[in-house]
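Mind the numbering: the sequence shown is residues 7 to 514 in my numbering, read in order.
Backbone N, C-alpha and C define an ideal beta-carbon position, used for all residues, glycine too.
Just so you know, these numbers come straight off a predicted model, no measurement behind them.
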Amino acid sequence: MAGRRETGLAAAAGLVAGVVTIGVGALVAFLTGPTSDPLVAVGSAFVDATPQWLKQFATTNFGTNDKLVLGITEVVILLALAALAGVLAARRWAWGATLVVLLGAASALAAIGRPDAGSFAGLPSVLGTVAGLFTLRLLVRRIPLPTSSKRKAALERRDFLRASLIAGALGAVALFVGRSLGAAARGAQSARDHLVIPKATTPAAPVPTGVDVGVQGVEPWLTPAGDFYRIDTALTIPHVDPTSWSLRLHGMVEKEVTLSWDELLASDLVEAYVTLACVSNPVGGDLISNQKWLGLPIKGLLERAKPTGDADMVLSTSVDGFTAGTPLTVLMDGRDALLAIAMDGQPLPFEHGFPVRMVVPGLYGYVSATKWVTDLEVTRFADAQSYWTKRGWSPQGPVKTQSRIDVPRSSTTVPAGSVVVAGTSWAQHRGVKGVQVRVDDGAWNDATLAADGGIDSWRQWTWSWDASPGDHKLYVRAFDPQGPQTGAVQGEVPDGATGYDSVHVTVS
Ligand SMILES: Nc1nc2c(c(=O)[nH]1)N[C@H]1C(S)=C(S)[C@@H](COP(=O)(O)O)O[C@H]1N2
Ligand SMILES: [Mo]
């Protein structure tokens, strides 16, 4: 039976291990995003699970200090549990270790469960837990045994204290550094949480019923924001605090224009449905999504700045250094080319460009859709290159007319008789005029188009196939006002893949 003194040391070992866990977690969270910080994740999960009456109680009694009270309560509870883990570990290692692992797992789950969790949201909790276990093991082994002589116990105690101090100091430094590094990101997070998106001065035309063909397996016309494809070169997602955001429009202009966040929010905002597509989308691929955007038309800003001479490009730059070159004519021709602040009626998710990104109908993302944008330079294609054009992609990136078969899936078996073939097609800013489906080497058959949600959005279609037994290949092609899409097979480089999407099905 351990004495009272040993129990005290065991509790201290647990506390130190707890500080190391939290510290390492906070440090790693600098890379994986503020909501993945174990303290933040657990605190937020706690807030979500709090019953309304307790929330009410907290805000009435603590006012705006409710967050502080929550934080202190959380830390006190965690440290008490850490001390308990130490005491358990000193009795039997497996007990203490189990408690630490359970706490770590709860924290990891809380982080993964955050609505904006990134792919590595659980990592800070996991690495923190590993570091905490390691520390606990190291310290518990140094607790003097009750059988040690007085002299030996005194030496062992000194050794224990030294190790605890070093580990505790390292944990505290990690916590301090992690929290300081993450402060800006947490500022951005809280600004996003509290942002109220203004109403559109020009709302989007209502979406007609029937834009979805209602066939199971066809991607929804409006992509849920959480499923929106994501492509960027960012290793860590920028967390820009909107209150310190501004956009500079300069270069070949008569007058430089600077736009602040407050000015942007107070501007006349336009809402539009636009389908974004990536130039790297292979034929039949899914790097394409449709959403409702809200933003300031870039045209108006350019008109204030008055581009000069033979300027023909706007080079947009992101806080992370990414650049895109967009034709000036496209930005000025009146289409809904926006500095977008919202998607699906919500502030942009961080990974989709919060606080401000560009959205330009009809162009691939690499020449137009700069996320976390802070700088627009009016220049010339002859004088400036952008991130991807320096790497061999085409300076011009209009979206190519394309179509995709979603149903039936390739390499599946369907029963003979009437089979529903369905999918989507796109020709942004030109509009899909028709879709045809071909079976093997047969003739093209007209598909039925779903309701039209506007020329800047994709368009679904269905075709009823009278399928005969055997192996068959189905092909699809879309028409824009110029005619059918090309069937010539070309890869994604340098300006987008072409060719017919096809599926192979066995009819039984
Ligand atoms: N800052 C920044 N913006 C960027 C990119 C990037 O790498 N960095 N990628 C572009 C590309 S190639 C595409 S296809 C779109 C994708 O936007 P999404 O991730 O919101 O779907 O963003 C564009 N904007
Ligand atoms: Mo892209």
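Query: For methionine 258, does the three-state DSSP call read helix, strand or coil?; Result: coil
Query: Apart from the five residues on each side of it in sequence, which residues of its chain come closer than 7 angstroms, Cβ to Cβ, to valine 513?; Result: Val420, Ala422, Ala473, Ser474, Pro475, Gly476 and His478
Query: Checking 8 angstroms against the spacing of the C-beta atoms, do serine 431 and arginine 465 come in under that value?; Result: yes
Query: How long is the line joining the alpha carbons of arginine 97 and arginine 163, rounded to whole angstroms?; Result: 17 angstroms
Query: Report buried or exposed for phenylalanine 182, applying the criterion of at least 16 other Cβ atoms within 10 angstroms of its Cβ.; Result: exposed
Query: Quick check on valine 213: does DSSP put it in helix, strand or coil?; Result: coil
Query: Contact between the region 389-396 and the region 324-337: three or more CB pairs below 8 angstroms?; Result: yes
Query: Residue ranges of each beta strand (DSSP E) run of no fewer than 3 residues wholly in the region 224-301, ordered along the chain?; Result: 252-257, 263-266 and 276-283
Query: Pick from Val482, Ala428 and Thr135: whose alpha carbon is nearest that of valine 221?; Result: Ala428
Query: Whole angstroms is fine: what's the gap from alanine 137's alpha carbon to glycine 92's?; Result: 14 angstroms
Query: Report the partner residues of leucine 479 according to the DSSP bridge assignment.; Result: It should be pointed out that residue 479 corresponds to lysine in this sequence rather than to leucine. For lysine 479, which the question treats as bridged, DSSP gives the partners His510.
Query: Which same chain residues, not among the five before or five after leucine 265, have their C-beta less than 6 angstroms away from its C-beta?; Result: Leu253
Query: According to the Cβ coordinates, are tryptophan 469 and alanine 457 closer than 8 angstroms?; Result: no
Query: Start and end of the alpha helix (DSSP H) containing valine 93?; Result: 72-97
Query: When you compare the CB positions of valine 366 and serine 374, do they come within less than 8 angstroms of one another, or not?; Result: yes
Query: CA-CA distance, glycine 368 and leucine 302?; Result: 17 angstroms
Query: Does ligand 2 have even one heavy atom less than 7 angstroms from the beta-carbon of valine 285?; Result: yes
Query: Please go through the same chain and pick out, in chain order, the residues whose beta-carbon is closer than 6 angstroms to the beta-carbon of valine 289, but skip the five residues on each side of it.; Result: Ala503, Gly505 and Asp507
Query: Under the DSSP definition of a beta bridge, which residues are partnered with serine 470?; Result: Val426
Query: Report buried or exposed for histidine 510, applying the criterion of at least 16 other Cβ atoms within 10 angstroms of its Cβ.; Result: exposed
Query: Can you find the residues in the same chain that come closer than 6 angstroms, C-beta to C-beta, to leucine 187, ignoring five residues on each side of it along the sequence?; Result: Phe36
Query: If I measure Cβ to Cβ from alanine 51 and keep anything under 6 angstroms in the same chain, skipping five residues before and after, which residues do I get?; Result: Ala116
Query: Taking Cβ to Cβ, would you say aspartate 54 is nearer than 8 angstroms to threonine 65?; Result: no
Query: Just the C-alpha distance for asparagine 287 and isoleucine 294, rounded to the nearest angstrom, thanks.; Result: 7 angstroms
Query: Compare the beta carbon distance of aspartate 381 and threonine 335 with 8 angstroms and say whether it is the shorter of the two.; Result: no
Query: Say yes only if the C-beta of tyrosine 393 is nearer than 7 angstroms to one or more non-hydrogen atoms of ligand 2, and no if none qualify.; Result: no
Query: Here's the rule: buried if 16 or more other CB atoms are within 10 angstroms of the residue's CB, otherwise exposed. What is histidine 200?; Result: exposed
Query: Can alanine 343 and glutamate 277 be called in contact, C-beta distance under 8 angstroms?; Result: no
Query: Quick check: the Cα distance between glycine 24 and alanine 210, rounded to an integer number of angstroms?; Result: 52 angstroms
Query: Buried or exposed: which applies to leucine 95, given that a residue is buried once 16 or more other Cβ atoms fall within 10 Å of its Cβ?; Result: It is worth fixing the name first, because residue 95 is alanine in this sequence and not leucine. Label assigned to alanine 95: buried.
Query: Flag this pair as yes or no: are the beta carbons of isoleucine 203 and alanine 19 separated by less than 8 angstroms?; Result: no
Query: Can you give the Cα-Cα distance for methionine 364 and isoleucine 304, rounded to whole angstroms?; Result: 9 angstroms
Query: By how many angstroms is the C-alpha of isoleucine 172 removed from the C-alpha of phenylalanine 166?; Result: 10 angstroms
Query: Over what stretch of residues does the beta strand (DSSP E) that includes glutamate 383 continue unbroken?; Result: 379-385
Query: Of all the options Asp462, Glu383 and Val426, which has the alpha carbon lying nearest to the alpha carbon of lysine 406?; Result: Asp462
Query: Starting from the Cα of leucine 129, find the closest Cα among Pro401, Phe387, Trp101 and Thr38 and give me that residue.; Result: Thr38
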